[in-house]
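Chains as they are written, first to last, in the working numbering: chain A, 1 to 190; chain B, 1001 to 1156.
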Amino acid sequence: MTEWTLSDVERLSALTDADRTFQMTEDAFRVFYELTARPVWLYLARMTGDRRLADDLLQDAYYRFLRTTTHFESDDHRRNYLFRIATNLVYDQRRKRSARVVTVDEAESVLEASGETADQVARRLDVTRAMARLKPRERSLLWLAYAQGASHEEIAEILGLKRASLKMMLFRARRRLMAALGTEPRGRQR
Amino acid sequence: MSAMPCAREHDVMTLVLSGRWPESADASLVTHAETCATCAEVVAIASMLRVEKDQLNQLSIPAAGQVWWRSALRARADAARAAERPMIWLQAVTGAGAVGAVLAGLTMLWPRLAGTVHLVLTSNGASMQEVLPLLLIAGIGIVAAPIAFYLAVPKD
């Protein structure tokens, strides 16, 4: 016979409450999570430069998502809403911590278990440092556009920007990243 | 150079993101990317970020079940806090009302009390200055005793 403890009962009780409190059931959540968690976590890890912080913010993002009363028109809308929560959490976190540059130790902590070669580590640190020099919004733009392959409509919805200004912002972000990497933009070569 | 995206930027990016650049790309597209500043930048940045994404993809992320039950526990704690908030306000208002009522009562009864105390003192030969500290301590005790009792008794 299973021996229950008070903490088990409290946990089960909380889970029962959760089905009433949250906007989706546990089964629906699991499916949604499998579809969205990895890209959201990648985004958070890249934006914060800290995998543990990315874990915490991922938890926070899904909690806020589950508590929302927003009506979603489509899966894309739901997914973009989650990314928007994640973006706001990153910006809030940055405000709390005040502006700072990602250190080498922090950058290494992001990928400590990935078994990279020395060249890969050096290359990644170059990218990490270059990205750290950009404004948070520029980092978001570049990651969403060129790592996640998000469309302009999706990026505008996630970041709360006007679609018309997105092209120019992306262009500037690209230029700033190339400059931070020490790569002369071709457009300036005559 | 124009800030407008190149018409072939999307094709280039799709191939880079899927890891098929330049092997699966049309020769004309590769040539175009070499000469088009926008596409060259897109190739450089998307390739770089793709490598990083692949590396980050090797790391594990929290499991769905773990995120769910943590959210459930947090929702419960938030609900408990939200339920306590009106009670705290109610207790504060009740406390303030009680203190006000005691003070009002003392103010109203003070002339009669002072007369009684004076009578007792004169019959025992003690002065008002000697007994005042004792009266103050007794008054504070009367007010503080219910508060201390409330704080000492467990709420559950």
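The beta carbon of each residue, even a glycine, is placed where N, CA and C say it ideally should be.
Contacting residues, own chain, Cβ-Cβ under 8 Å from residue i (five flanking each side not counted)
{"i": "Ala61(A)", "result": "Val40, Leu44, Leu82, Ile85, Ala86 and Leu89"}
{"i": "Val1099(B)", "result": "Val1143"}
{"i": "Tyr1150(B)", "result": "none"}
{"i": "Thr69(A)", "result": "Gln23"}
{"i": "Leu1095(B)", "result": "According to the sequence as given, residue 1095(B) is Gly; it is not Leu. Within the same chain, Gly1095(B) has close Cβ partners Ile1147."}
{"i": "Arg1050(B)", "result": "Val1016, Leu1017 and Gly1019"}
{"i": "Asp76(A)", "result": "Glu154"}
Contacting residues, own chain, Cβ-Cβ under 6 Å from residue i (five flanking each side not counted)
{"i": "Leu57(A)", "result": "Leu44 and Leu89"}
{"i": "Ile1140(B)", "result": "none"}
{"i": "Ala1083(B)", "result": "none"}
{"i": "Ala1025(B)", "result": "Leu1015"}
{"i": "Phe29(A)", "result": "none"}
Nearest to residue i (by Cα), restricted to the options the options
{"i": "Leu125(A)", "options": "Gly49(A), Leu42(A), Thr36(A) and Glu26(A)", "result": "Gly49(A)"}
{"i": "Leu161(A)", "options": "Leu177(A), Met178(A), Arg137(A) and Arg176(A)", "result": "Arg137(A)"}
{"i": "Gly1019(B)", "options": "Asp119(A), Leu35(A) and Gly149(A)", "result": "Gly149(A)"}
{"i": "Gly1065(B)", "options": "Asp75(A), Thr25(A), Thr70(A) and His71(A)", "result": "Thr25(A)"}
{"i": "Arg129(A)", "options": "Lys167(A), Ile155(A) and Gly182(A)", "result": "Gly182(A)"}
{"i": "Arg252(A)", "options": "Leu1049(B), Asp1078(B) and Arg1085(B)", "result": "In the structure displayed, chain A extends from 1 to 190; residue 252(A) sits before or after that span and is not available."}
{"i": "Met168(A)", "options": "Thr1038(B), Pro1086(B) and Ala1092(B)", "result": "Thr1038(B)"}
{"i": "Trp1110(B)", "options": "Gly1097(B), Leu1135(B) and Leu1090(B)", "result": "Leu1135(B)"}
{"i": "Lys1053(B)", "options": "Arg163(A), Val127(A) and His152(A)", "result": "Val127(A)"}
{"i": "Met1048(B)", "options": "Phe32(A), Phe72(A), Ala147(A) and Asp76(A)", "result": "Ala147(A)"}
{"i": "Met1013(B)", "options": "Thr1035(B), Ala1040(B), Trp1069(B) and Thr1031(B)", "result": "Ala1040(B)"}
{"i": "Ala179(A)", "options": "Arg163(A), Ala132(A) and Leu166(A)", "result": "Ala132(A)"}
Inter-residue CB distance, residue i and residue j (contact presumed, cutoff 8 Å)
{"i": "Val1067(B)", "j": "Val1043(B)", "result": "Their Cβ separation, rounded to whole angstroms, is 36 Å, which puts Val1067(B) and Val1043(B) out of contact at 8 Å."}
{"i": "Phe22(A)", "j": "Arg78(A)", "result": "Not quite, the Cβ-Cβ distance comes to about 13 Å (not below 8 Å), so this is no contact."}
{"i": "Leu141(A)", "j": "Ala173(A)", "result": "5 Å"}
{"i": "Leu1056(B)", "j": "Leu42(A)", "result": "5 Å"}
{"i": "Leu1059(B)", "j": "Arg52(A)", "result": "Not quite, the Cβ-Cβ distance comes to about 11 Å (not below 8 Å), so this is no contact."}
{"i": "Ala164(A)", "j": "Ile1061(B)", "result": "Not confirmed; about 35 Å, so no contact."}
Listed by chain order, chain A residues near residue i by CB distance under 8 Å
{"i": "Val1131(B)", "result": "Neighbours of Val1131(B) on chain A: none; closest Cβ ~55 Å, over 8 Å."}
7 Å CB neighbourhood of residue i in its chain, flanking five on each side removed
{"i": "Val104(A)", "result": "Note that Val104(A) scores 49 on pLDDT, short of 50, meaning its location in the model is unreliable and no value can be drawn from it."}
{"i": "Phe171(A)", "result": "none"}
{"i": "Asn80(A)", "result": "Glu154, Glu157 and Ile158"}
Amino acids of chain B, ordered along the chain, whose beta-carbon sits closer than 8 Å to that of residue i
{"i": "Asp55(A)", "result": "Ile1061 and Pro1062"}
{"i": "Phe82(A)", "result": "The identity of residue 82(A) in the sequence shown is Leu, whereas the question assumes Phe. By Cβ distance, chain B contributes nothing, its closest Cβ being about 12 Å from Leu82(A), past 8 Å."}
{"i": "Leu42(A)", "result": "Lys1053, Leu1056 and Asn1057"}
{"i": "Leu66(A)", "result": "Ser1071 and Ala1075"}
{"i": "Thr70(A)", "result": "Those do not exist, as Thr70(A) stays about 16 Å from chain B at its closest Cβ, beyond 8 Å."}
Under 7 Å from the C-beta of residue i: neighbouring residues of chain B
{"i": "Val127(A)", "result": "Met1048 and Glu1052"}
{"i": "Tyr33(A)", "result": "Ala1064 and Val1067"}
{"i": "Glu26(A)", "result": "Trp1068"}
{"i": "Leu134(A)", "result": "The contacting residues do not exist; Leu134(A) stays about 12 Å from chain B at best."}
{"i": "Arg51(A)", "result": "Leu1059"}
9 Å Cβ cut-off: residues of chain A touching residue i
{"i": "Ala1033(B)", "result": "Here the premise fails: no neighbours, minimum Cβ distance about 11 Å."}
{"i": "Val1030(B)", "result": "Those do not exist, as Val1030(B) stays about 16 Å from chain A at its closest Cβ, beyond 9 Å."}
{"i": "Met1013(B)", "result": "Ala145, Tyr146 and Gly149"}
Chain A contact residues for residue i, given Cβ-Cβ distances below 7 Å
{"i": "Arg1074(B)", "result": "Tyr63"}
{"i": "Arg1070(B)", "result": "Gln59"}
{"i": "Leu1017(B)", "result": "Gly149"}
{"i": "Pro1005(B)", "result": "Lys167"}
Under 9 Å from the C-beta of residue i: neighbouring residues of chain B
{"i": "Met178(A)", "result": "Glu1041, Ala1044 and Ile1045"}
{"i": "Phe29(A)", "result": "Ala1064, Val1067, Trp1068 and Ser1071"}
{"i": "Thr36(A)", "result": "Within chain B, no residue comes near Thr36(A); the closest Cβ sits about 10 Å away, beyond 9 Å."}
For this session: Please list the residues of the segment 141-175 of chain A that have a C-beta atom closer than 7 Å to any C-beta atom in chain B, keeping them in chain order.
Result: Leu142, Trp143, Tyr146, Ala147, Gly149, Lys167, Met168, Phe171 and Arg174
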